Amino acid sequence: MNADKLCSAIKALPLKEEVCLMEVCGTHTMAIAKSGIKSMLPEKVKLLSGPGCPVCVTPASEIDAILELSMRPDVILATYGDMVRVPGSVPGDNLARRRALGAQVQVVYSPVDAVELAKQNPEKEVVFLGVGFETTAPGTAAAALTASDKGVKNFTVFSMLKTVEPALRALMAMDDFRVQGFLCPGHVATIIGEKGFAFLPEKYRMPAVIAGFEAEDILAAIWRLLTQLINREPKLENEYKRAVSEPGNLLAQKMMTACFTAETTEWRGLGSIPKSGLKFRPEFSALDAEKRFPEVLGEEARRIQKSARITPACRCGDVITGRISPAQCPLFGKRCLPEDPVGPCMVSSEGACAAAYKYMDIDSFEENG
Amino acid sequence: MGMRRKIRIDFIENPRVGDYVIVHAGFAIERLPEKQALEDLESWEELEEAIYQEYGMQAARTE
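First to last, the sequence lines map onto chains A and B. Under the working numbering, the first sequence has 340 at position 340, and the numbering climbs by one with no breaks. Every number in the working numbering is 369 more than the matching position in the second sequence, counting from 1.
Here it is as structure tokens:
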């Protein structure tokens, strides 16, 4: 079915009250903004961006620690491109600025490239900034194990990897959480399988649809969610069957659990969540940047930094938990712009604020006054 | 259209030459049925063509 037909089908649904749906995937955020889906939907249907953009959920305390590490002359940081402009607790201070001050920061496309970088620079310590969810975690683990197998000793990973389920549980536990259905991230589901999202309807009676990334995929998922709500039949549906099976990718899951263990970690906007962070198992501590540089990246070091930081007016935390829309942040489009971002949601192209700004519609301008 | 890259196939069971896969950060994360893959490629080509028509060569390349 094409987009127009799906939109008509959605408009024809008998909705009585306003409905809030949430996606939790940076690629969905971008696809929704780019295709203008929000403007095609009936006014009663609100789409929110949840904690699905990897750099957006990274807390300022971790960015501060990374910035400090970047200044060491013996360290090369290898990172995905969108980390470079994420500010820490001091506005304007980011890896791009540190690079201008002499820090060695290399953008890589894959953790495998970061291992290569370590091979080419044996006299330096190469630290890969491992952000992402279940989609990136298996590859990060596999690349790290390759480094270990090949005797590349100057390679470590700062694992800020996270899992989706604990974050969704934390979101649903918030008093003011108003979302009535989840658009589940297709590529996370590719790894963890349909079964990874079964807890939503089973434990929380929350409608859930696994969605692909074309406009049609997303619209079809929205139609399914709304239909579930109208019929009061919350269930898990898979709208992305071409890439998502019931059990998921078992080889990738195996790699993830062999290498990592789930520990408490901090999320921007959500605070500390038990068993939501993927950290290296003790037998792989030689690959763990937190163990290699405990004075900067260790938990204790970050706790001290956190207590010393000043919180700016940035409301990224409220944006990624669906409390406000990007345009409701007082900094949005004024002090905080893609060229000079204050918060991570405006930095990453997958961030809710950057997507809202780039494809801004008249409504957002009006909301923003 | 597209790009040439070395990727890792650790997570694909019995990979074969000619398989279509979804790639994420340098790793194939799932095999895609051929029919689906060709449909996706076709729709991207249509998109590229549409962008080219509207904005000219420069934009089509940078998108």
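A virtual CB, placed ideally from N, CA and C, is assigned to each residue, including glycine. Here the structure is a predicted model, which is why all the values come from computation and not from measurement.
- At a C-beta separation below 9 Å, Pro402 (chain B) has these neighbours in chain A: Arg242.
- Thr58 (chain A) counts as buried, since at least 16 other C-beta atoms from the protein chains shown sit within 10 angstroms of its C-beta.
- Straight through space, the alpha carbons of Cys20 (chain A) and Val188 (chain A) are spaced by roughly 22 Å.
- Distance from the CA atom of Val131 (chain A) to the CA atom of Gly248 (chain A), rounded to whole angstroms, is 21 Å.
- Under the Cβ distance rule, Asp388 (chain B) does not count among the residues neighbouring chain A, no pair being separated by less than 7 Å.
- Sequence-distant partners of Ile378 (chain B) (beyond 5 residues in either direction) whose C-beta falls short of 6 Å from its own C-beta, in its chain, are Pro384 and Ala397.
- About 7 Å separates the beta carbon of Pro294 (chain A) from that of Ala301 (chain A), a gap short enough to meet the 8 Å contact definition.
- Put simply, the stretch 225-237 of chain A touches the stretch 9-26 of chain A. At least three CB pairs are less than 8 Å apart.
- Where Lys254 (chain A) is concerned, the enclosing alpha helix (DSSP H) starts and stops at Leu250 to Cys259.
- Counting of Cβ neighbours within 10 angstroms places Gly26 (chain A) among the buried residues, the total reaching 16 or more.
- The Cβ atoms of Ala114 (chain A) and Val108 (chain A) sit closer than 7 Å to each other.
- Val84 (chain A) is not a Cβ neighbour of Ala65 (chain A), given a cutoff of 7 Å.
- Under DSSP, Asp340 (chain A) forms a beta bridge with A:Leu337.
- Flagged as an interface residue toward chain A: Gly395 (chain B), by a C-beta distance shorter than 7 Å.
- When CB distances to chain B are screened at a threshold of 8 Å, the residues of the stretch 94-126 of chain A falling below it are Tyr109, Ser110, Pro111, Val112 and Asp113, in chain order.
- By DSSP's assignment, Ser272 (chain A) forms a beta bridge with A:Glu266.
- In the structure shown, Gly130 (chain A) adopts extended strand secondary structure according to DSSP, grouped into three states.
- Here Ile37 (chain A) is buried: its Cβ has 16 or more other Cβ atoms, across all protein chains shown, within 10 Å.
- In the three-state DSSP reduction, Lys38 (chain A) falls in the helix class (H, G or I).
- In the three-state DSSP reduction, Lys291 (chain A) falls in the helix class (H, G or I).
- Secondary structure at Met71 (chain A): coil, using DSSP grouped into helix, strand and coil.
- Contact note: Arg377 (chain B) reaches chain A through Ser110, Val112, Gly139, Ala142, Ala143 and Thr146, using a C-beta cutoff of 9 Å and chain order.
- Gln405 (chain B) belongs to the set of residues whose beta carbon lies under 7 Å from a beta carbon in chain A.
- The three-state reading of DSSP puts Phe197 (chain A) in helix, counting H, G and I together.
- For the pair Lys162 (chain A) and Pro54 (chain A), the Cα-to-Cα distance works out to about 8 Å.
- Going by beta carbons, Ser159 (chain A) and Leu278 (chain A) fall inside the 7 Å limit.
- Below 8 Å, too few C-beta pairs join the stretch 202-210 of chain A and the stretch 149-159 of chain A to call them touching: fewer than three.
- Per DSSP, Met174 (chain A) lies in no beta strand (DSSP E) and is assigned neither H nor E.
- Met256 (chain A) sits buried, since 16 or more C-beta atoms from the chains shown fall within 10 Å of its C-beta.
- The beta carbon of Thr135 (chain A) falls within 7 Å of a beta carbon belonging to chain B, placing the residue at that interface.
- For chain B, the residues of the stretch 184-196 of chain A that bring a beta carbon within less than 9 Å of one of its beta carbons are His187, Thr190 and Ile191, in chain order.
- Taking 7 Å as the CB threshold, Ala78 (chain A) stays off the interface with chain B.
- Under the three-state reduction of DSSP, Arg377 (chain B) is assigned to strand.
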